[in-house]
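Residue numbering for the sequence shown follows the working numbering, starting at 2 and increasing by one per position. Quick reminder that beta carbons are idealized off the backbone N, C-alpha and C, glycines included.
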Amino acid sequence: MYTMKKLSYITGLLCLIIAVGCTKDFEEINRDSQGFDSDEVSAKYFLTNSQVGLYAPSRFEYWRAHLINSDRYAGHVDFGFNQGWWAGELGYKYDVAYTDAAYGWLAGYFGNIKAFADFTKEGGEFENQYMFAMSLIMKSLYFQMYTDTFGMVPFSEAGVDGILTPKYDAQIDIYKGIIADLDQAMTIIGDAERTGLGIDDVGENDVYCGGDLQLWKTLANSLKLRLGMRALGAPGADFAQTTINQALNQPLLDATTGSVTMSKDYVISEWTSSSYGDVWHDFAGLGSKWTMGEPFINLLDDNNDPRLPVYANPAPGGSFVFTNIKEGGSYTDPNYQERVDFIESTLITAQADYTLTVDGDDIIIDLPAGQYIGQPIRLNADIMPYVRFEMFSTPGDAILQPRGDKATGYPEIILSSAESYFLQAEAVVRGITSGDAQELMAKGIIEAMKLWEISEGDANNYISNSAIADISTGTTEEKLEKIALQRWLASYTDGFEAWAIVRDTGYPSSLAAGVSNPVIFGLGTLNGDYPQRLRYGSGAQANPNYAQAVSQQGPDNQATKLWWAK
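Written out as structure tokens, the structure is:
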């Protein structure tokens, strides 16, 4: 886990390097007493900028791409309460502004990585094979997120000089290309430990791995395992099992390496690198706030998960009055009783302590504070007056760390050792490899909880007493469900990956099933189905290859399943 404390310095130096870089003649600059000496310039000063924005972009993208879209599709959080700006239906029906925010960020991000790759490749201004290997792994992390969000995207021709309208590649070909890039990177790294000496050692400018090349290599192999497992069973994915076996035979992230994460920096500008706290604290009132999702909180609470008080804060509680106003001889809401009943059923499902009384035309729910209650996902605008903010749990303090404070907040997950163990457990359950699936499951849970500073003793207690942590018995599908749920729980704050897990595995099944009751839920343009992808941004149609992508993949809407989706 590495910090971005020097990002401001690096950004400033980056600007200087860009300014002098336009001369195309570093030898002349090195001879100029007013310029940089050769031992003062390095591609490492471009590295941090190419890393940060993929997992912690500026506030606009963090809000609109992460929070509004992927985190909510993941079922971890939602909007739709009485004083909120948006109904829970937001994101489930097409809105060009929010779609374009996500597409513009991801589609445009590759340039940051390519700049670093171009500097470090053979013949580049700062040629360094090990830094180039790092660029291949960053490229792989990026394209996995990009293609798993939209499906077919430009890959083979992306960033190629002279090609302004690159073709869209099929997902199967993108996966093959990513795996090839990872293999190349791991071969280049070999047994090397650092990118060089002195100015050529990326060191703390590398906010993923701190310049540890063997950790980079292990990260690459763990990503390779993720790709192989996700491709398994997809049409034409005859390479998947070989990919999995190759990954299983090389070092993976584990308890020794720990997870690869990026520490948050709460001092630099939120327009450089943002966090959930920026959205929570920087907008007035409750309008932009959000609550915790019902499937997420219930799964944690029902299993006495020790992460619950770290992931979330209890509901404030209060006394809530519901009245169906009568105007001109008729009530304003013909669905009043059904909606109040739904609110009560949510409390019952959460096993909440509450009292409900009827006083004339009023129904009153008294809800003591201090209980963990999740808000149902995808509620429509008509039920918003019944959905009171104080009824539901909110994100934990670590998630909402305010800017300007140097305290440690939540980690940005690049790829966790927990996922590595869970994927290995899945491979055992599927019969791909031998081993003790339960032991791997337990190790994954311990690693997942380490990310949130849960003690190993508390983790072991959970493993011993929670049915959801036990895959020593049961059918194959029951075991796979539990592994998927543990991966989903461990992916909190990594909404894009959590959303991919739901689409790939079908779990949690209640979330993947979508919604159907229009009195309660916002069915959106999906007609209640679970979102399978984001639409391309409005600028994508300018590429003449867009039409071919839509023809091959399917309609450009959220219902079109990706190549690997369940």
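Kindly indicate which residue of the options has the alpha-carbon position closest to the one of residue i.
{"i": "Y373", "options": "T333, V311, K327", "result": "V311"}
{"i": "R227", "options": "T243, S552, P236", "result": "T243"}
{"i": "G76", "options": "L486, G105, Q247, S43", "result": "L486"}
{"i": "S517", "options": "E158, Y176, I378", "result": "I378"}
{"i": "G89", "options": "Y387, S539, A566", "result": "Y387"}
{"i": "D79", "options": "F522, N558, N544", "result": "F522"}
{"i": "D1", "options": "E440, G538, R534, Y493", "result": "For residue 1 there is no data in the structure shown, the boundaries of the chain being 2 and 567."}
{"i": "L348", "options": "Q338, N336, D367, G361", "result": "D367"}
{"i": "G432", "options": "E391, E478, P403", "result": "E478"}
{"i": "G540", "options": "F117, A102, A248", "result": "A102"}
{"i": "Q559", "options": "V322, V551, T526, Q130", "result": "T526"}
{"i": "I69", "options": "T494, A513, G529", "result": "T494"}
{"i": "L452", "options": "Q247, G410, D471, W86", "result": "G410"}
{"i": "S43", "options": "V203, A235, A370, I175", "result": "V203"}
{"i": "A235", "options": "K225, Q172, Y267, A134", "result": "Q172"}
{"i": "R534", "options": "W272, S71, N222", "result": "S71"}
{"i": "A353", "options": "K480, P519, G371", "result": "G371"}
{"i": "L490", "options": "N304, R536, A550", "result": "N304"}
{"i": "Q549", "options": "I245, V154, I384", "result": "V154"}
{"i": "W272", "options": "S552, T506, A57", "result": "A57"}
{"i": "K290", "options": "L301, T324, D266, W87", "result": "W87"}
{"i": "L309", "options": "I138, D360, M450", "result": "M450"}
Rounding to the nearest angstrom, what Cα-Cα distance links residue i and residue j in this structure?
{"i": "N466", "j": "S473", "result": "13 Å"}
{"i": "E29", "j": "Y99", "result": "Per-residue confidence for E29 stands at a pLDDT of 38, beneath the threshold of 50, marking its modelled position as unreliable; the derived number appears in the next sentence. Cα-Cα distance, rounded: 47 Å."}
{"i": "S276", "j": "S456", "result": "25 Å"}
{"i": "S435", "j": "L48", "result": "39 Å"}
{"i": "G445", "j": "N461", "result": "11 Å"}
{"i": "A566", "j": "Q84", "result": "36 Å"}
{"i": "E295", "j": "W106", "result": "29 Å"}
{"i": "G212", "j": "T476", "result": "43 Å"}
{"i": "A316", "j": "L357", "result": "17 Å"}
{"i": "F423", "j": "D334", "result": "48 Å"}
{"i": "D182", "j": "L91", "result": "37 Å"}
{"i": "E339", "j": "D362", "result": "15 Å"}
{"i": "D119", "j": "Q130", "result": "11 Å"}
{"i": "E158", "j": "A116", "result": "16 Å"}
{"i": "S141", "j": "T188", "result": "15 Å"}
{"i": "F156", "j": "K168", "result": "8 Å"}
{"i": "Q376", "j": "Y110", "result": "33 Å"}
{"i": "E420", "j": "R60", "result": "27 Å"}
{"i": "V520", "j": "S510", "result": "22 Å"}
{"i": "F133", "j": "E482", "result": "38 Å"}
{"i": "T561", "j": "G405", "result": "42 Å"}
Please name the residue or residues paired with residue i in a DSSP beta bridge.
{"i": "A332", "result": "A small fix is needed here, since residue 332 is Tyr in this sequence, not Ala. DSSP lists K327 as partners of Y332."}
{"i": "P396", "result": "A313"}
{"i": "S320", "result": "D367"}
{"i": "P522", "result": "Note that residue 522 is Phe in the sequence shown here, rather than Pro. Answer is L380, bridged to F522."}
{"i": "T356", "result": "D367"}
{"i": "G294", "result": "Q376"}
{"i": "V78", "result": "M293"}
{"i": "L416", "result": "V261"}
Would you call residue i buried or exposed, if buried means 16 or more other Cβ atoms sit within 10 Å of its Cβ?
{"i": "I326", "result": "exposed"}
{"i": "W564", "result": "buried"}
{"i": "A399", "result": "buried"}
{"i": "E427", "result": "buried"}
{"i": "V161", "result": "exposed"}
{"i": "S51", "result": "buried"}
{"i": "W64", "result": "buried"}
{"i": "P556", "result": "exposed"}
{"i": "G496", "result": "buried"}
{"i": "V53", "result": "buried"}
{"i": "T196", "result": "buried"}
{"i": "S320", "result": "exposed"}
{"i": "F284", "result": "exposed"}
{"i": "L165", "result": "exposed"}
{"i": "E123", "result": "exposed"}
{"i": "D437", "result": "exposed"}
{"i": "P412", "result": "buried"}
{"i": "A514", "result": "exposed"}
{"i": "V97", "result": "exposed"}
Tell me whether residue i, by its Cβ, gets closer than 6 Å to a heavy atom of the ligand PLP.
{"i": "T409", "result": "Because no ligand of any kind appears in the structure shown, any question about the ligand PLP cannot be addressed here."}
**Q.** 4 or more residues per run - each alpha helix (DSSP H) lying fully within the region 127–177
**A.** 130–151
Q: Jot down the residue ranges of each uninterrupted alpha helix (DSSP H) in the region 428–467, minimum 4 residues, whole runs only, in chain order.
A: 438–451, 457–466
Q) Considering only residues of the region 255–292, which uninterrupted alpha helix (DSSP H) runs meet the minimum length of 4 residues and lie entirely inside it, listed in chain order? A) 277–283
Q | Segments of 3+ residues assigned as beta strand (DSSP E) that fall wholly inside the region 196–266 | A | 261–263
Q: With a floor of 4 residues, list each alpha helix (DSSP H) that falls wholly inside the region 490–516, ordered by position along the chain.
A: 496–506, 510–513
Q) Where in the region 520–563 do unbroken runs of the alpha helix (DSSP H), each at least 4 residues long, occur, reported from the N-terminal end onward? A) 547–554
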